[in-house]
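Peer 1: So that we are looking at the same thing, I have put the structure below in structure tokens.
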Amino acid sequence: MAPRAHRRRPSAALLLALVGLVSTGCFEDSPSDPFETSPTSGAPATGSSSDSGNDASTGHGSSTSPSSTGSADSTGSTTPEPDSSTGDSQHVPCPAGSIDGPLPVTIDADTSEQHDELAGSCGGGSAPELGYTFTAPAAGSYVFDTGGSAVDTVLYLLDGVCEGPELGCNDDGLAGSNASLTSVTLGAGQTITVVVDAFGVSGGAVRLTVSEGNVGCPAQVVPPGLPQTVLDQTLIATDQFESSCGTADEGDQAFTFTAPTTGIYRFDTGGSDFDTTLFVLDGSCEGRELACNDDAPGTFDGRSGLALPLQAGQEVTAVVEGFLGQAGNLALNVSRLSGTCPDEDLGSQPLPFVVMGSTLAADEASAGSCGGLGGPDYSYEWTAPTDAVVRFDTAGSGFDTVLYLLEGSCLGPERVCNDDAGGTAAAASAYLLAGQTVEIVIDGTGAAGDFMLTVEETTDSGDCCTPRMEPGCEQLPIQVCVCTMDAYCCNTSWDAMCVNAAVDSCGAICL
């Protein structure tokens with residue numbers, strides 16, 4: 017069972033002392049309200065509309081508790097107003113009011129004059145707080161955040177009215193701030209208490225916003241039937257995950273997807289209005305990372321995209337977050353690639369050999385980690401006749417090629433991927449055993465055309481594999497490729513970064 021939030025109660029000794037004071041007439045002028053204060057003190061909440069909605073006879077508002085009334089502005093923002101019958105500064109017991117009206121609703125209030133009566137499991141044990149009841153208008157998930165508050169808030173949800181078990185608690189959940197953020201799934205008509213507390217001992221100006229949605233994982237489930245596009249946002253989001261290709265401390269949203277059939281599936285963020293990072297986890301929310309992409313190769317609008325093979329019934333979690341602090345409205349597009357793979361079977365053709373073809377009339381069956389998403393591709397299945405270090409390159413092709421090898425079949429893991437190994441040609445190398453099968457895929461970065469594929473035995477790339485103080489290396493094609501990307505490698509020193517570039521991008525073989 018979730019932890020219970022505890023209400024602090026006055027001791028018996030304190031109650032007896034108060035009774036004694038009253039009975040002996042120690043109050044010269046007994047006030048009608050023991051918590052009455054001067055009109056110049058700060059109110060627990062400030063109204064955002066001139067129409068307070070107060071009942072003149074009781075001070076009650078139509079959508080709040082007796083001690084605080086509510087009003088709505090043109091944006092649907094609701095703020096409680098002070099009780100005119102007791103002054104504009106007073107302690108307001110829980111609940112201070114109710115959250116009503118079309119969502120989203122925003123409440124602006126001040127906890128400075130309140131008491132410390134409640135505490136959440138994640139904080140708020142020493143600061144004053146305000147609690148508001150919320151009744152779900154329909155079954156679903158609801159988001160609560162304190163973005164825009166002037167104090168470091170703690171936010172927790174209690175089932176029922178002020179005394180129920182805790183349903184959730186958050187301290188600094190809103191990415192990039194000290195504001196709190198949480199969500200909960202409620203049944204239609206279910207009432208909870210939303211408590212805005214603080215870290216430390218002081219209160220202050222707070223803002224509470226309630227909206228529909230979910231900031232947990234998953235935020236949504238991708239519905240069946242492909243292609244699909246799901247819409248969401250990361251403006252109000254927590255940082256649940258870290259990726260291998262993104263930046264830290266970014267608000268993210270996660271979406272689960274179950275593959276209906278075995279195949280290669282495409283995920284991209286086309287239609288999002290900010291620079292995204294996209295990564296896919298195996299399973300539901302807690303699995304290992306299967307793939308990650310910051311900017312889809314060939315795009316310059318911040319869109320992310322990737323493709324990966326999935327088995328029928330396999331569940332994955334696609335996570336979208338911002339890059340370098342960006343956030344906004346997101347679109348996640350999911351589809352299945354339906355092209356033919358392989359297009360040709362080369363059998364165990366002996367080395368060396370050259371094949372020529374074209375992607376102009378080809379379909380899209382796959383994509384590499386270094387490029388090819390959204391472009392037509394042509395693939396060959398080939399089985400190595402002998403043990404050898406084999407080099408594959410597309411020199412002589414008529415367009416900007418992407419080249420990658422898939423292990424065993426078109427649904428196998430990627431062995432190596434290369435976009436540009438000097439100029440627009442691509443080159444990749446791999447050590448293969450006799451009888452080992454690979455899929456050789458010629459793809460393009462936003463382009464298609466005629467290609468030439470050369471497959472030949474090669475050797476270790478020699479000193480291109482060894483970091484050292486001297487610049488350059490002996491194999492000229494690899495040196496040119498690396499130094500085109502990083503002139504330091506030819507001008508100053510062939511260091512470890514140059515070696516990595518040689519292997520990752522320029523087809524070097526380092527055994």
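Counting from 17, one number per residue, gives the positions in the sequence shown under this note's numbering. All residues carry an ideal CB built from backbone N, CA and C; glycine is no exception.
Are GLN249 and ASN309 closer than 7 Å when you measure CB to CB?
Peer 2: For the purposes of this step, residue 249 is taken as residue 233 along the sequence shown, with counting starting at 1. For the purposes of this step, residue 309 is taken as residue 293 along the sequence shown, with counting starting at 1. No, these two residues do not count as a Cβ contact at 7 Å.
Peer 1: Does the beta-carbon of VAL246 have 16 or more other beta-carbons within 10 angstroms, so that it is buried, or is it exposed?
Peer 2: Working through the sequence shown from its first residue, we reach residue 246 at position 230. Buried, since its Cβ has 16 or more Cβ neighbours within 10 Å.
Peer 1: Which word fits SER532, buried or exposed, when buried means at least 16 other C-beta atoms lie within 10 angstroms of its C-beta?
Peer 2: Given a span of 17 to 527 for the chain in the structure shown, any question on residue 532 remains unanswerable.
Peer 1: What did DSSP end up calling LEU367 once you bin it into helix, strand or coil?
Peer 2: Stepping through the sequence shown from its first residue, residue 367 is reached at position 351. LEU367 falls in the coil class under three-state DSSP.
Peer 1: In chain order, which beta strand (DSSP E) runs of at least 3 residues are fully inside the segment 404–439?
Peer 2: Counting only runs of 3 or more, we get 404–409, 417–423 and 430–434.
Peer 1: Classify THR475 as helix, strand or coil using the three-state DSSP reduction.
Peer 2: For the purposes of this step, residue 475 is taken as the residue at position 459 of the sequence shown. Coil.
Peer 1: Do GLY232 and ALA343 have their C-beta atoms closer together than 7 Å?
Peer 2: Taking the sequence shown and counting its residues from 1, the one referred to as residue 232 is at position 216. Taking the sequence shown and counting its residues from 1, the one referred to as residue 343 is at position 327. No, the Cβ-Cβ distance between GLY232 and ALA343 is not below 7 Å.
Peer 1: Are there three or more Cβ pairs, one per stretch, closer than 8 Å when the segment 420–430 is compared with the segment 466–483?
Peer 2: Contact between the segment 420–430 and the segment 466–483 is absent, because fewer than three Cβ pairs lie under 8 Å.
Peer 1: List the whole-angstrom C-beta distance separating LEU353 from GLY279, where the pair is believed to meet the contact cut-off of C-beta under 8 Å.
Peer 2: Taking the sequence shown and counting its residues from 1, one reaches residue 353 at position 337. Taking the sequence shown and counting its residues from 1, one reaches residue 279 at position 263. Confirmed, Cβ separation roughly 7 Å.
Peer 1: Spatial neighbours of VAL515 within its chain, please: C-beta separation below 8 Å, excluding the five flanking residues on both sides.
Peer 2: Locating residue 515 in the sequence shown gives position 499, counting from the first residue. Once the five neighbours on either side are set aside, the close Cβ partners of VAL515 are CYS480, CYS481, THR482, PRO483, ALA524 and CYS526.
Peer 1: Return the bridge partner residues of PHE290 from the DSSP annotation.
Peer 2: Taking the first residue of the sequence shown as position 1, residue 290 is located at position 274. Beta-bridge pairing links PHE290 to no other residue.
Peer 1: Quick one: what's THR245 bridged to in DSSP?
Peer 2: Working through the sequence shown from its first residue, we reach residue 245 at position 229. In DSSP, THR245 forms a bridge with ASN349.
Peer 1: Can you list, in chain order, the residues of its chain with a C-beta nearer than 6 Å to that of PHE215? Leave out the 5 residues immediately preceding and following it.
Peer 2: Translated into positions along the sequence shown, residue 215 becomes position 199. GLY139, ASP168 and VAL170, listed in sequence order.
Peer 1: Could you check what DSSP says for ILE494 in three-state terms: helix, strand or coil?
Peer 2: Residue numbering aside, residue 494 sits at position 478 when the sequence shown is read from its first letter. Residue state, collapsed to three classes: helix.
Peer 1: With C-beta atoms as the reference, is VAL432 less than 7 Å away from ALA444?
Peer 2: Within the sequence shown, the letter at position 416 stands for residue 432. Within the sequence shown, the letter at position 428 stands for residue 444. In this structure, ALA444 lies closer than 7 Å to VAL432 by Cβ.
Peer 1: Quick check on LEU449: buried or exposed, where buried means 16 or more other Cβ atoms within 10 Å of its Cβ?
Peer 2: As a first step, residue 449 must be located in the sequence shown, where it is residue number 433. Classification of LEU449: exposed, given that the 10 Å Cβ count is below 16.
Peer 1: Looking at the structure shown, is ARG20 part of a helix, part of a strand, or coil, going by DSSP?
Peer 2: Within the sequence shown, numbered from 1, the residue matching residue 20 stands at position 4. Note on ARG20: pLDDT 38, under 50, position unreliable in the model; the coordinate value appears next. Strand at ARG20.
Peer 1: Kindly give me the distance between the Cβ atoms of ALA275 and GLN327, rounded to whole angstroms, as I take these residues to be in contact under 8 Å.
Peer 2: Position 259 of the sequence shown holds residue 275. Position 311 of the sequence shown holds residue 327. At roughly 7 Å, the Cβ-Cβ gap stays under 8 Å, so ALA275 and GLN327 are in contact.
Peer 1: My understanding is that ALA195 touches SER165, with C-beta atoms under 8 Å, so please give their C-beta distance in whole angstroms.
Peer 2: Start at 1 with the first residue of the sequence shown, and residue 195 comes out as number 179. Start at 1 with the first residue of the sequence shown, and residue 165 comes out as number 149. Right, the Cβ-Cβ distance comes to about 6 Å (below 8 Å), so this counts as a contact.
Peer 1: How should LEU348 be labelled, buried or exposed, when 16 other C-beta atoms within 10 angstroms of its C-beta is the threshold for buried?
Peer 2: On the sequence shown, position 332 is the one that residue 348 refers to. The residue in question, LEU348, is buried, as its Cβ has 16 or more Cβ neighbours within 10 Å.
Peer 1: Between ASP359 and TYR396, what straight-line distance do the alpha-carbon atoms span, to the nearest angstrom?
Peer 2: Within the sequence shown, residue 359 is the residue found at index 343, counting from 1. Within the sequence shown, residue 396 is the residue found at index 380, counting from 1. Rounded to the nearest angstrom, the two C-alpha atoms are 6 Å apart.
Peer 1: Buried or exposed for LEU340, going by 16 or more other Cβ atoms inside 10 Å?
Peer 2: Looking up residue 340 in the sequence shown gives position 324. Exposed.
Peer 1: Which two residues bound the contiguous alpha helix (DSSP H) that contains SER521?
Peer 2: As a position in the sequence shown, residue 521 is number 505, starting the count at 1. Where SER521 is concerned, the enclosing alpha helix (DSSP H) stretches over 512–521.
Peer 1: By DSSP's criteria, TYR396 is part of a beta bridge. Which residues make up the other side?
Peer 2: Position 380 of the sequence shown holds residue 396. Partner(s): GLU360 and ILE456.
Peer 1: How should ALA264 be labelled, buried or exposed, when 16 other C-beta atoms within 10 angstroms of its C-beta is the threshold for buried?
Peer 2: Sequence index remark: in the sequence shown, residue 264 carries index 248 (1-based). Per the 10 Å Cβ criterion, exposed.
Peer 1: What are the boundary residues of the beta strand (DSSP E) that includes CYS185?
Peer 2: For this step, residue 185 is matched to residue 169 along the sequence shown. Residues 182–186.
Peer 1: Evaluate contact between the segment 406–416 and the segment 455–469, counting only Cβ atoms and requiring at least three cross-stretch pairs below 8 Å.
Peer 2: Verdict: yes, contact present.
Peer 1: By DSSP, does CYS499 sit in helix, in strand, or in coil?
Peer 2: Locating residue 499 in the sequence shown gives position 483, counting from the first residue. Residue state, collapsed to three classes: helix.
Peer 1: Straight-line CA distance for ASP393 to GLY192?
Peer 2: In the sequence shown, counting from the first residue as 1, residue 393 sits at position 377. In the sequence shown, counting from the first residue as 1, residue 192 sits at position 176. Whole-angstrom Cα-Cα distance: 41 Å.
Peer 1: Using a Cβ distance threshold of 8 Å, determine whether the segment 153–161 contacts the segment 199–214, with at least three qualifying pairs required.
Peer 2: Flag = yes, the segment 153–161 and the segment 199–214 touch.
Peer 1: Does the beta carbon of THR461 come closer than 7 Å to any beta carbon on chain C?
Peer 2: Annotation note: the requested chain C is absent from the structure, which comprises a single protein chain.
Peer 1: Looking only at DSSP bridge pairs, what is VAL222 linked to?
Peer 2: By one-based count along the sequence shown, residue 222 stands at place 206. According to DSSP, which records beta bridges pairwise, VAL222 is partnered with ALA125.
Peer 1: Would you say PHE290 and GLY338 are within 7 Å of each other, going by their C-beta atoms?
Peer 2: Here residue 290 refers to the residue found at position 274 of the sequence shown. Here residue 338 refers to the residue found at position 322 of the sequence shown. The answer is yes: Cβ separation under 7 Å.
Peer 1: Give me the Cα-Cα distance between HIS131 and ASP124, rounded to the nearest whole angstrom.
Peer 2: As a position in the sequence shown, residue 131 is number 115, starting the count at 1. As a position in the sequence shown, residue 124 is number 108, starting the count at 1. Taking the straight line from one Cα to the other gives about 18 Å.
Peer 1: Let's test the definition: count the other Cβ atoms within 10 Å of the Cβ of ARG319 and tell me whether it reaches 16, buried, or not, exposed.
Peer 2: One-based indexing of the sequence shown puts residue 319 at position 303. With 16 or more other Cβ atoms within 10 Å, it is buried.
Peer 1: Could you give the C-beta distance for SER351 and PRO240, rounded to a whole number, given that I count them as a contact under 8 Å?
Peer 2: In the sequence shown, counting from the first residue as 1, residue 351 sits at position 335. In the sequence shown, counting from the first residue as 1, residue 240 sits at position 224. So it is not a contact: roughly 13 Å between Cβ atoms.
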